[in-house]
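Residue numbers (this note's numbering), protein chains in the order written: chain W, 3 to 154; chain G, 3 to 154.
Number of protein chains: 2
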Amino acid sequence: MGVDREEIRLRMSRFEEVLRRAGVKRTHQRMEIFREVARTGEHPDAQTVFRRVARRIPSISLDTVYRTLRLFQDLGLITALGTNHERIRFDANMNDHHHFVCTRCGKTLDFHSREFDELSVPEEVRDFGRVERNHVELRGVCAKCLIKEAKE
Amino acid sequence: MGVDREEIRLRMSRFEEVLRRAGVKRTHQRMEIFREVARTGEHPDAQTVFRRVARRIPSISLDTVYRTLRLFQDLGLITALGTNHERIRFDANMNDHHHFVCTRCGKTLDFHSREFDELSVPEEVRDFGRVERNHVELRGVCAKCLIKEAKE
DNA sequence: GTTTATGCAAAACCTTTGCATTTTG
DNA sequence: CAAAATGCAAAGGTTTTGCATAAAC
Chain W
3 MGVDREEIRL RMSRFEEVLR RAGVKRTHQR MEIFREVART GEHPDAQTVF RRVARRIPSI
63 SLDTVYRTLR LFQDLGLITA LGTNHERIRF DANMNDHHHF VCTRCGKTLD FHSREFDELS
123 VPEEVRDFGR VERNHVELRG VCAKCLIKEA KE
Chain G
3 MGVDREEIRL RMSRFEEVLR RAGVKRTHQR MEIFREVART GEHPDAQTVF RRVARRIPSI
63 SLDTVYRTLR LFQDLGLITA LGTNHERIRF DANMNDHHHF VCTRCGKTLD FHSREFDELS
123 VPEEVRDFGR VERNHVELRG VCAKCLIKEA KE
């Protein structure tokens, strides 16, 4: 679950570089919050990051963690798992299928692909547990948003 | 976006069958809520389902919609998009990678696969818009949960 | 007639925001 | 020192829960 030392070092230096380039201040809180996310492969939630960082900076507040994680996303330093900042959405299509997701507007379209249904499980993953199904998410910009984009 | 007539019919009959087998009551609200999700490919959220069903059953309440959608998930009649009922979680791994997700405990593990990175985009999807990246989610039961499962 | 589901209202929860104070460059 | 970030407290929004009433089997 831990990330290897060299990779952490890499992430930290990229982090400092990105902050500098963005002209964003390099605060104690930001350092610790990033380090906390960078050094784990656990994909922690905001509460967990808060709890862990609070051991080093007891005065930190939860909203700073939220604001900071959001900032890091905007700077392309981290990503959020799951469909980001959206409500839960429901699907009655219980056949195997995959999704195309528009990163601009969030629209999600179903498609079918025998090839995708039948992907073979990588060796490495067999050790993780039992794989029961797979789902491919293709991300991009939908036709409607491409038009809007062209007009700008 | 609409689902074809025959497919809707199929979903409705499966729905009735599942309710019967589960010994769960076939109420007016449940019928309309399921029909609403079954007949669209839009992946509506709870609010949207509520708004649409309310046109047919003005007295319906939002919490019934939530409770009912949750019930349908438990019965395997619908699925929720994104990481279901969880908080937003963060990842500092910005290299191309994919996820193994445990459907029991929600644990998410990263893995790398050149083969998955390079999947070709199906013909059908080209019309949806511009695909920029892809992400494969392998779902199953992690090693730890497999052990728990064996003990039960 | 019992059992189960609904509607209402209120709570719980996660996340965001306004503002005075503190910190950074 | 000016500009930006933090902490606090409060608000916003979604989702869940307890309980009396109503509906299904």
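The beta-carbon is built from N, C-alpha and C at its ideal position, and this holds for glycine as well.
Every value quoted in this text rests on a predicted model; they were computed, and no experiment measured them.
Taking Cβ to Cβ, would you say residue i is nearer than 9 angstroms to residue j?
i, j, result
"Arg141(W)", "Val133(G)", "yes"
"Ala56(W)", "Ile90(G)", "no"
"Gly78(W)", "Arg41(W)", "no"
"Glu88(W)", "Asp47(G)", "yes"
"Val138(W)", "Glu120(G)", "no"
"Leu71(W)", "Val51(W)", "yes"
"Arg54(G)", "Glu38(G)", "yes"
"His45(G)", "Phe92(W)", "yes"
"Pro124(G)", "Phe118(W)", "yes"
"Ser15(G)", "Glu126(W)", "no"
"Arg11(W)", "Glu34(W)", "no"
Where does residue i sit, in a helix, a strand or coil, going by DSSP?
i, result
"Val133(W)", "strand"
"Glu139(W)", "strand"
"Lys153(W)", "helix"
"Val20(G)", "helix"
"Arg28(W)", "coil"
In chain order, what residues of the same chain have a beta carbon less than 7 angstroms from the beta carbon of residue i, not counting five sequence neighbours either side?
i, result
"Lys109(W)", "Cys144"
"Asp112(G)", "Asn95, His99, His101"
"Cys147(G)", "Cys104, Arg106, Cys107"
"Thr66(W)", "Gln31"
"Phe130(G)", "none"
On the DSSP bridge assignment, give the partners of residue i in chain order.
i, result
"Gly4(W)", "Thr42(W)"
"Cys144(G)", "Gly131(W)"
I'd like the list of long-range same chain contacts for residue i, defined as Cβ closer than 6 angstroms, with 5 residues on each side in sequence excluded.
i, result
"Phe74(G)", "Ile80"
"Phe36(G)", "Phe17"
"Gly84(W)", "none"
"Val26(G)", "none"
"Arg13(W)", "Ala40"
"Arg28(G)", "Leu21"
Cutting at 8 angstroms between CB atoms, please list the residues of its own chain near residue i, excluding the five before and the five after it.
i, result
"Leu64(G)", "Ala48, Gln49, Phe52"
"Arg135(G)", "Asp98"
"Glu151(G)", "Arg106, Val143"
"Gly43(W)", "Met3, Gly4, Val5"
"Glu9(G)", "none"
- Query: What runs of the beta strand (DSSP E), each 3 residues or longer, lie entirely inside the region 40-121 of chain G?
  - Reply: As far as the region 40-121 of chain G is concerned, its whole beta strand (DSSP E) runs of at least 3 residues are 81-83, 91-93, 100-104, 110-113.
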